[in-house]
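Numbering (the working numbering), first residue to last: 5 to 268.
In what follows, a structure is listed as structure tokens, so that the remarks can point back to it.
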């Protein structure tokens with residue numbers, strides 16, 4: 005049987021940059037992008053064209069930031085997609101390659117972040133599990149200083165993005181992927197957890213961290229969009245939303261203790 009024809013729309017680098025500008029993306033600004041390539045339609049050039057279109061819209065002084073998380077650098081005891089036999093756990097911990105910002109691939113964040121991570125001139129922050137990658141004028145300022153015991157808190161790129169007046173672009177992605185909400189978890193009472201991962205020099209280490217949880221972020225996003233200014237539109241076939249990082253964090257700081265209370 006013949007392959008099904010793509011349903012479209014046909015999306016190009018130029019149409020992306022034009023629609024992003026119509027949405028409200030401004031030349032010279034800083035964007036934290038969460039994306040779904042599939043949601044855009046049939047993109048001529050795939051993720052490369054999307055990155056090019058974003059950089060065209062941002063202009064020569066703009067900055068593109070994406071989550072470049074590497075969830076595979078974690079304790080195999082907690083793996084579920086897929087799980088591995090318990091008798092393998094110790095050996096996996098002993099031999100897992102340590103984080104290398106140039107080599108460690110992204111996982112679970114989509115095609116676009118991996119494309120940005122490997123882009124010429126891209127910089128990546130130092131946290132072995134929750135790094136961010138950036139291109140453009142403020143890339144170094146945003147990615148530097150990501151503390152190894154602060155996944156998404158005050159010593160992470162999220163706090164720098166908030167300070168610099170960055171905006172979030174949800175490009176075919178939902179609020180459940182909005183990492184900015186996690187910064188609020190560091191500013192309200194939250195439990196601490198032990199996190200296992202490969203140590204920088206080899207072997208295994210455990211660090212104590214604030215517990216992060218994206219549960220009910222979709223509900224949080226619904227209320228946020230109801231109560232705060234959020235720019236909405238279409239880019240290709242994808243629903244797109246644009247809003248300040250600082251607004252999202254401040255709203256989540258008030259919402260989470262009421263709607264998702266957690267014990268310390």
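For each residue, glycine too, the CB sits at the ideal point set by N, CA and C.
Please read these numbers as outputs of a predicted model, since none were measured by experiment.
If the five residues before and after residue 125 are omitted, its C-beta is found closer than 7 Å to the C-beta atoms of 139, all from its own chain and listed in chain order. In the structure shown, residue 85 falls within a coil segment according to DSSP collapsed to helix, strand and coil.
The three-state reading of DSSP puts residue 110 in coil, since its state is none of H, G, I, E or B. The three-state secondary structure of residue 156, taken from DSSP, is coil.
Counting along the chain, residue 184 sits inside no beta strand (DSSP E); it lies in the alpha helix (DSSP H) bounded by residues 184–189.
Residue 86 is classed as exposed because its beta carbon has fewer than 16 other beta carbons within 10 Å across all chains shown. Following the DSSP letters along the chain, one finds residue 244 inside the beta strand (DSSP E) bounded by residues 242–248. When C-beta atoms of the stretch 164–182 are compared with those of the stretch 91–110, fewer than three pairs fall below 8 Å, so the two segments do not count as touching. Taking 8 Å as the cut-off, the beta carbon of residue 160 is found no closer than this to the beta carbon of residue 113. When rounded, the separation of the alpha-carbon atoms in residue 56 and residue 118 is 14 Å. Considered as a whole, the stretch 15–101 harbours 17–27, 41–44, 50–62, 93–99 as its complete alpha helix (DSSP H) runs of no fewer than 4 residues, in chain order. For residue 199, the three-state secondary structure derived from DSSP is strand. In the three-state reduction of the DSSP assignment, residue 210 falls in the strand class, which pools E and B. 8 Å or more divides the Cβ of residue 201 from the Cβ of residue 213. Within the DSSP secondary-structure output, residue 224 pairs in no beta bridge. Counting C-beta atoms within 10 angstroms of its own C-beta, residue 14 has fewer than 16 neighbours from the protein chains shown and is therefore classed as exposed. Taking the CA atoms as reference points, residue 236 sits about 26 Å from residue 141.
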